[in-house]
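Using the numbering used here, you'd call the opening residue of the sequence shown number 566 and step up by one each time.
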Amino acid sequence: MTLTPAEAWARLRDGNARFVQDAPEHPDQDADRRHELRTVQHPHTVIFGCSDSRVAAEIIFDQGLGDVFVVRTAGHVVDTTVLGSIEYGTEVLHTPLVVVLGHDSCGAVAATAHTLATGEQPPGFVRAVVDKVIPSVAELTSRQGVSGPIDPDVLRTAHVKHTVGLLRGYSAALAAAVDAGRLAVVGVVYDLDDGSARLVAVDGEVGEQPAAA
Ligand SMILES: [Zn+2]
Numbered sequence: 566m567t568l569t570p571a572e573a574w575a576r577l578r579d580g581n582a583r584f585v586q587d588a589p590e591h592p593d594q595d596a597d598r599r600h601e602l603r604t605v606q607h608p609h610t611v612i613f614g615c616s617d618s619r620v621a622a623e624i625i626f627d628q629g630l631g632d633v634f635v636v637r638t639a640g641h642v643v644d645t646t647v648l649g650s651i652e653y654g655t656e657v658l659h660t661p662l663v664v665v666l667g668h669d670s671c672g673a674v675a676a677t678a679h680t681l682a683t684g685e686q687p688p689g690f691v692r693a694v695v696d697k698v699i700p701s702v703a704e705l706t707s708r709q710g711v712s713g714p715i716d717p718d719v720l721r722t723a724h725v726k727h728t729v730g731l732l733r734g735y736s737a738a739l740a741a742a743v744d745a746g747r748l749a750v751v752g753v754v755y756d757l758d759d760g761s762a763r764l765v766a767v768d769g770e771v772g773e774q775p776a777a778a
């Protein structure tokens with residue numbers, strides 16, 4: 566059964582509420598579920614989040630096997646294989662929802678703020694991650710008129726919002742699905758301490774508006 570974007574979001578919202586209350590149900594994690602999924606999968610959501618070990622997608626939303634199709638990179642930075650993986654979720658597996666998942670104390674966001682403040686570049690390919698967060702800073706400073714040292718909390722939310730816009734900008738398939746009403750792309754910020762996942766951006770319709778910044 567295909568869910569609407571709002572129904573998919575409600576599953577994640579309810580699961581996160583259970584996690585926050587320390588009352589997870591650990592659904593869809595038994596042997597029956599495993600057998601049921603042996604040859605098919607019908608996940609209701611693509612979660613595109615940061616690789617951070619503390620932001621484990623299935624755990625923080627109290628989901629199980631076959632429920633969410635997960636793509637993770639440090640700082641949820643986008644490249645072509647990320648876009649291909651997300652499109653696989655929405656176009657082949659027909660998920661009605663994509664969640665961009667950022668969080669506080671994000672190393673990629675902190676490294677970017679450090680590079681901008683000092684001019685020091687991170688080593689090796691870590692630099693490629695920082696390079697892909699910098700456009701979010703540019704959007705903050707140019708469009709929103711933020712100047713001076715960048716507050717990491719402001720930047721992480723801006724980076725989630727920017728990434729939601731980036732998915733529509735890059736992917737004609739995602740934009741068309743949102744415009745047709747069969748998909749929503751939302752931005753969520755996760756709080757490491759209390760475990761809550763807060764809606765900060767919505768492209769499409771999920772029955773809930775983002776909290777005021
Ligand atoms: Zn992170």
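Note that the Cβ used here is the ideal one computed from N, Cα and C, for glycine as well. Note that the coordinates shown come from a computational prediction; the quantities given were computed from them, not determined experimentally.
Near ligand 1: Gly752 beta-carbon under 7 Å from a heavy atom
Taking the sequence shown and counting its residues from 1, the one referred to as residue 752 is at position 187. No, since every heavy atom of ligand 1 falls outside the 7 Å radius drawn around the Cβ of Gly752.
In its own chain, which residues sit with a C-beta less than 7 Å from the C-beta of Gln606, not counting the 5 before and 5 after it?
Here the question's residue 606 lines up with position 41 in the sequence shown. So the list reads Gly631 and Leu658, once near-sequence residues are dropped.
When you compare only the Cα positions, how much space is there between Ala622 and Arg733?
Looking up residue 622 in the sequence shown gives position 57. Looking up residue 733 in the sequence shown gives position 168. Cα-Cα distance, rounded: 22 Å.
Could you tell me which of Val664, Leu705 and Ile715 sits nearest to Thr683, measuring between CA atoms?
In the sequence shown, counting from the first residue as 1, residue 683 sits at position 118. The residue with the shortest Cα to Cα distance from Thr683 is Ile715.
If contacts are defined as beta-carbon pairs under 8 Å, then Pro570 and Gly769 qualify, I think. What distance do you get, rounded to the angstrom?
As a working mapping, residue 570 is identified with position 5 in the sequence shown. As a working mapping, residue 769 is identified with position 204 in the sequence shown. Between Gly769 and Pro570 the Cβ distance is about 6 Å, and since that is below 8 Å, they are a contact.
Output the distance between the C-alpha atoms of Gly640 and Ala776, rounded to the nearest integer angstrom.
Your numbering for residue 640 matches position 75 in the sequence shown. Your numbering for residue 776 matches position 211 in the sequence shown. About 22 Å.
Ends of the beta strand (DSSP E) at Leu662?
Working through the sequence shown from its first residue, we reach residue 662 at position 97. Element bounds for Leu662: Leu662 to His668.
What's the gap between the Cα of Asp627 and the Cα of Pro661?
Numbered from its first residue, the sequence shown carries residue 627 at position 62. Numbered from its first residue, the sequence shown carries residue 661 at position 96. Cα-Cα distance, rounded: 19 Å.
Buried or exposed: His609, going by 16 or more other Cβ atoms within 10 Å of its Cβ?
Here the question's residue 609 lines up with position 44 in the sequence shown. It counts as buried.
Would you mind listing the alpha helix (DSSP H) stretches within the stretch 625-711 that are 4+ residues and don't spill past its ends, in chain order?
Those alpha helix (DSSP H) runs which fall completely within the stretch 625-711 and span 4+ residues are 645-652, 672-683 and 691-708.
Could you tell me which residues DSSP puts in a beta bridge with Ile612?
Taking the first residue of the sequence shown as position 1, residue 612 is located at position 47. Beta-bridge pairing links Ile612 to Val635 and Val664.
Bridge partners of Asp718, per DSSP?
Within the sequence shown, residue 718 is the residue found at index 153, counting from 1. None; Asp718 has no bridge partner.
The alpha helix (DSSP H) with Ala742 in it runs from where to where?
For the purposes of this step, residue 742 is taken as the residue at position 177 of the sequence shown. Ala737 to Asp744 is the extent of the alpha helix (DSSP H) around Ala742.
Near ligand 1: Gly734 beta-carbon under 7 Å from a heavy atom
As a position in the sequence shown, residue 734 is number 169, starting the count at 1. Result no, Cβ not under 7 Å from ligand 1.
Is the beta carbon of Thr655 sitting closer than 8 Å to the one on Ala738?
Position 90 of the sequence shown, counted from the first residue, corresponds to residue 655. Position 173 of the sequence shown, counted from the first residue, corresponds to residue 738. Yes. Within cutoff.
Out of curiosity, what's the CA-to-CA distance linking Val743 and Ala575?
Indexing the sequence shown from 1 puts residue 743 at position 178. Indexing the sequence shown from 1 puts residue 575 at position 10. C-alpha separation (whole angstroms): 18 Å.
Ligand 1 and Asp696: does any heavy atom of the ligand fall closer than 7 Å to the residue's C-beta?
For the purposes of this step, residue 696 is taken as the residue at position 131 of the sequence shown. For ligand 1, not one heavy atom lies less than 7 Å from the Cβ of Asp696.
Taking buried to mean at least 16 other C-beta atoms within 10 Å of its own C-beta, is Ile625 buried or exposed?
If you number the sequence shown from 1, residue 625 lands on position 60. Here Ile625 is buried, its C-beta having at least 16 other C-beta atoms within 10 Å.
Thinking C-beta only, is Pro700 closer than 8 Å to His679?
For the purposes of this step, residue 679 is identified with residue 114 of the sequence shown, where counting begins at 1. For the purposes of this step, residue 700 is identified with residue 135 of the sequence shown, where counting begins at 1. No, the Cβ-Cβ distance between His679 and Pro700 is not below 8 Å.
Who pairs with Val605 in a beta bridge, going by DSSP?
Here residue 605 corresponds to residue number 40 of the sequence shown, with the count starting at 1. Per DSSP, none; premise fails for Val605.
DSSP three-state call for Cys772: helix, strand or coil?
Here residue 772 corresponds to residue number 207 of the sequence shown, with the count starting at 1. The residue asked about is misnamed: residue 772 is Gly in this sequence, not Cys. If DSSP states are grouped into helix, strand and coil, Gly772 belongs with coil.
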